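Engineer: Residue numbers (the numbering used here): 2 to 197.
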Amino acid sequence: MAQKDRLKWDAKYSDGDHLIEKGEASFMLKRYYDKAPAKRALDVACGTGRNALFLAEHGFVVDALDISPVGLERLQDHAGQISGAGKVNCQVVDLDDYSPPEASYGLIVVTNYLNRPLIPKLAKALCDGGILVIDTFMADSQNGTRDFNPDYLLRAGELPEYFDSGYEVLAFEDARKGHCNNELLKQAIAVCKIPA
Ligand SMILES: C[S@@+](CC[C@H](N)C(=O)[O-])C[C@H]1O[C@@H](n2cnc3c(N)ncnc32)[C@H](O)[C@@H]1O
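1. Checking 7 angstroms against the spacing of the C-beta atoms, do L66 and Q92 come in under that value?
2. Pull up the DSSP beta-bridge partners for L108, would you.
3. Could you tell me whether the stretch 45-64 touches the stretch 102-116, where touching means 3 or more Cβ pairs closer than 8 angstroms?
4. Taking the continuous beta strand (DSSP E) assigned at L8, which residues delimit it?
5. Short of 6 angstroms in beta carbon distance, which residues of its chain neighbour R41, apart from the five on each side in sequence? Order them along the chain.
6. Can you give me the start and stop residues for the alpha helix (DSSP H) that K36 sits inside?
7. Taking 6 angstroms as the limit between beta carbons, can you name the residues of its chain near L56, skipping five residues before and five after?
8. On the DSSP letters alone, give me the boundaries of the beta strand (DSSP E) that E58 sits inside.
9. Can you have a look at K9 and say buried or exposed, based on whether 16 or more other CB atoms are within 10 angstroms of its CB?
10. Could you round the C-beta distance between T137 and K178 to whole angstroms and report it? I think they count as a contact, below 8 angstroms.
11. Would you call S166 buried or exposed, if buried means 16 or more other Cβ atoms sit within 10 Å of its Cβ?
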């Protein structure tokens, strides 16, 4: 499956006009990035890196992971133009077979990608006070998600269910419309790992 994903995304990112590249960083990331206790960040399934670039421009050193080498090449090209302390380290990774290092990141972001078994691992990868932002698509019978694989779509109210009392939900938005160039419903959360 991962190999099929890689081919699909490589083909999309080979098209110079691919819409994701033109998008701004996630609204939830922009709202909470400056609460991060450390400037080490992880962008999971980064694509061409709209979030990683935003963070690097704000002084973060970002590990940017994706299965598509073509997307990462495009990100690397843009990252080379960043001045200041920020930096992007691109890595080709199959997230179906990946565990991040524990207690390591001040900020983690995942947008437009859902991998349910990975969410608890990402929560553990936060350092004390670290911020995790997830902002991705929901199942919705009213819109174009009917033909999507339900494994890749959130249920209403789902994201807060992944976080126990060791995490504070800073913000949660369900059934939000109007993100980068389409009208699919999305869900977004920002959580903070409460220091022990
Ligand atoms: C819709 S794009 C989102 C890109 C970026 N996060 C954004 O919001 O602009 C989904 C990304 O997930 C990546 N992806 C899909 N399956 C993957 C896997 N098994 N391992 C790593 N990345 C994967 C794709 O290559 C693609 O870049």
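Glycine is no exception: its CB is placed at the ideal position from the N, C-alpha and C atoms.
Keep in mind that this is a model prediction, so the values were computed, not measured.
Structural biologist: The structure says:
1. yes
2. A42, I132
3. yes
4. No beta strand (DSSP E) contains L8, which is instead part of the alpha helix (DSSP H) from 3-15.
5. V62, Y106, G107
6. Here K36 belongs to no alpha helix (DSSP H), and DSSP marks it neither H nor E.
7. A42, V63
8. Note, E58: premise wrong, no beta strand (DSSP E); alpha helix (DSSP H) at 51-58.
9. exposed
10. The pair is not a contact, with the Cβ atoms about 14 angstroms apart (cut-off 8 angstroms).
11. exposed
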